[in-house]
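For reference, the structure is listed below as structure tokens.
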Amino acid sequence: KRAKRPAGAPDKAVAKRVTKVGVLGAGYMASQLALLFVRRLQVPVVITDIDQERVDKGVGYISAEVDKLLDKGRISPDEANRLNALVTGTTDKADFADCDWVIEAVFEELEIKQQVFAEVEQFVSPEAVLATNTSSLSVEQIGAKLAHPERVVGFHFFTPVAVMPLIEVVKTPATDDATLSTAMVTAAKLKKTAVITADTPGFVVNRLLAVLLGEAMRAVDDGTSFATVDEGMAPLGLPMAPSQLLDLVGLRVGAHVLDTHHAAFPDRFYRSENLHRLADYGKLLEKDDKGKVTGFDKGALKIVSGGKNP
Ligand code: 3HC
Numbered sequence: 325k326r327a328k329r330p331a332g333a334p335d336k337a338v339a340k341r342v343t344k345v346g347v348l349g350a351g352y353m354a355s356q357l358a359l360l361f362v363r364r365l366q367v368p369v370v371i372t373d374i375d376q377e378r379v380d381k382g383v384g385y386i387s388a389e390v391d392k393l394l395d396k397g398r399i400s401p402d403e404a405n406r407l408n409a410l411v412t413g414t415t416d417k418a419d420f421a422d423c424d425w426v427i428e429a430v431f432e433e434l435e436i437k438q439q440v441f442a443e444v445e446q447f448v449s450p451e452a453v454l455a456t457n458t459s460s461l462s463v464e465q466i467g468a469k470l471a472h473p474e475r476v477v478g479f480h481f482f483t484p485v486a487v488m489p490l491i492e493v494v495k496t497p498a499t500d501d502a503t504l505s506t507a508m509v510t511a512a513k514l515k516k517t518a519v520i521t522a523d524t525p526g527f528v529v530n531r532l533l534a535v536l537l538g539e540a541m542r543a544v545d546d547g548t549s550f551a552t553v554d555e556g557m558a559p560l561g562l563p564m565a566p567s568q569l570l571d572l573v574g575l576r577v578g579a580h581v582l583d584t585h586h587a588a589f590p591d592r593f594y595r596s597e598n599l600h601r602l603a604d605y606g607k608l609l610e611k612d613d614k615g616k617v618t619g620f621d622k623g624a625l626k627i628v629s630g631g632k633n634p
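Here it is, written out as structure tokens:
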């Protein structure tokens with residue numbers, strides 16, 4: 325006898341097959357996603373970006389990560405060759421024509437995300453799922469201008485993608501059962517835990533993270549040193565201090581996440597001008613050539629030591 329589905333859980337039977345994956349964007353997040361999809365689904369994966377240089381960088385990242393997996397003995401030389409052969413880069417979205425799963429991880433700007441989906445919709449079948457890795461924009465709005473918004477779903481990963489176990493699957497009022505089900509089955513194939521969240525700013529994880537990083541920045545902007553804020557967070561037992569977490573997520577992305585939350589709920593979330601200045605400056609932490617953090621960047625500390633957030 326078949327087990328009964330829990331209330332609200334999508335019916336796996338209506339999930340669509342994923343035989344080719346398209347990744348819109350070839351930046352760090354997009355490349356990590358492409359690597360996970362090719363490794364776990366073993367299907368062709370095509371990545372694209374606005375110019376060939378970015379595309380080449382993304383493909384280069386993926387093959388370097390495949391080499392690392394080979395060096396660690398996690399995959400055989402045959403599998404390394406197969407994975408590399410399955411990944412292609414293009415600047416032409418027509419190459420997405422036979423993708424049945426497309427995921428975007430382009431810049432976190434509503435108009436840009438709407439535009440890349442609209443462009444790719446001209447080439448893919450109406451059945452193809454369009455997934456967005458947005459961290460805090462409205463998934464419904466991202467799909468609002470499409471001919472088929474029912475195939476749009478949020479599929480939000482965490483960095484580093486290879487090790488973070490969770491995916492937030494975001495259902496909009498338009499998302500149909502087949503799309504939701506495909507998202508859940510795909511998450512399981514990627515060996516991730518999926519939770520279905522409402523389409524609200526920050527979903528679940530980032531609205532908590534925005535509080536944590538926002539309050540860390542507020543303390544810094546109020547005049548507490550970054551090192552003290554990091555130390556003060558230590559009793560919580562998080563795997564990373566706020567400065568490291570900001571560095572991992574990226575200063576620009578971190579500032580953007582805080583901004584989006586602040587714009588949605590100004591009385592609940594903090595927006596830090598200093599974090600924008602740090603993002604313009606480019607770095608917060610010093611690292612050795614192996615990428616190990618050795619301390620704070622002096623120039624960055626000068627930027628944040630200005631005291632109160634103007
Ligand atoms: N890319 C790929 N793999 C990475 C990596 C990276 N940047 N950093 C670490 N790893 C891998 C390592 O290769 C290692 O894999 P292995 O076991 O196969 O060799 C594994 O992760 C563990 O790494 P370490 O041995 O260095 O172990 P640590 O104990 O230092 O853990 C960590 C590293 C898993 C990154 C841990 O510090 C952690 O969990 N940090 C918190 C990360 C976090 O909170 N991420 C969420 C950010 S929010 C977000 O992404 C949402 C966005 O919308 C803003």
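Using the UniProt record's numbering, the first residue of the sequence shown is number 325, and each one after it goes up by one.
Yeah, the Cβ is synthetic: ideal placement off N, Cα and C, and Gly gets one too.
Short Cβ contact (8 Å threshold) for A339 with V509: Closer than 8 Å, so yes.
Counting C-beta neighbours from all protein chains within 10 Å, is the total for P634 16 or more, i.e. buried, or is it exposed? For P634, the predicted model reports a pLDDT of 40, less than 50, meaning its position is unreliable; a value from the coordinates is still stated below. Exposed, because fewer than 16 other Cβ atoms sit within 10 Å of the Cβ of P634.
What is the residue span of the beta strand (DSSP E) that residue 311 lies within? No answer is possible for residue 311: it lies beyond the span of the chain, which begins at 325 and ends at 634.
What does the Cβ neighbour count give for K392, buried or exposed, with the cut at 16 atoms within 10 Å? Exposed, since its Cβ has fewer than 16 Cβ neighbours within 10 Å.
Between K396 and the ligand 3HC, is the CB less than 7 Å from at least one heavy atom? Yes, since a heavy atom of the ligand 3HC falls inside the 7 Å radius drawn around the Cβ of K396.
Are P368 and K396 close, meaning C-beta to C-beta below 8 Å? No.
Residue ranges of each alpha helix (DSSP H) run of no fewer than 4 residues wholly in the segment 542 to 623, ordered along the chain? DSSP runs (the alpha helix (DSSP H)) wholly in the segment 542 to 623: 550 to 557, 566 to 573, 575 to 588, 597 to 605.
Per DSSP, what kind of secondary structure is V528 in: helix, strand or coil? In the structure shown, V528 sits in coil (DSSP, three-state: anything other than H, G, I, E or B).
In three-state DSSP terms, what is E432? Coil.
Out of D419, A468, K469, which has the shortest C-alpha to C-alpha gap to V448? It is D419.
Can you name the start and end residues of the alpha helix (DSSP H) that A518 belongs to? Per DSSP, A518 belongs to no alpha helix (DSSP H); it is in the beta strand (DSSP E), 517 to 521.
Quick check on the burial criterion: 16 or more other C-beta atoms within 10 angstroms. Buried or exposed for V628? Looking at its Cβ environment, which holds 16 or more other Cβ atoms inside 10 Å, V628 is buried.
With DSSP run on the structure shown, which of helix, strand or coil describes E451? The answer is coil: DSSP assigns E451 none of H, G, I, E or B.
Below 5 Å from a heavy atom of the ligand 3HC - residues by beta-carbon: For the ligand 3HC, the selected residues are S459, F482, T483, P484, A486, V487, P563, M564, V573.
Can you tell me which of M557, G615, V573, D545 puts its alpha carbon nearest to the alpha carbon of A624? Considering only alpha carbons, the answer is D545.
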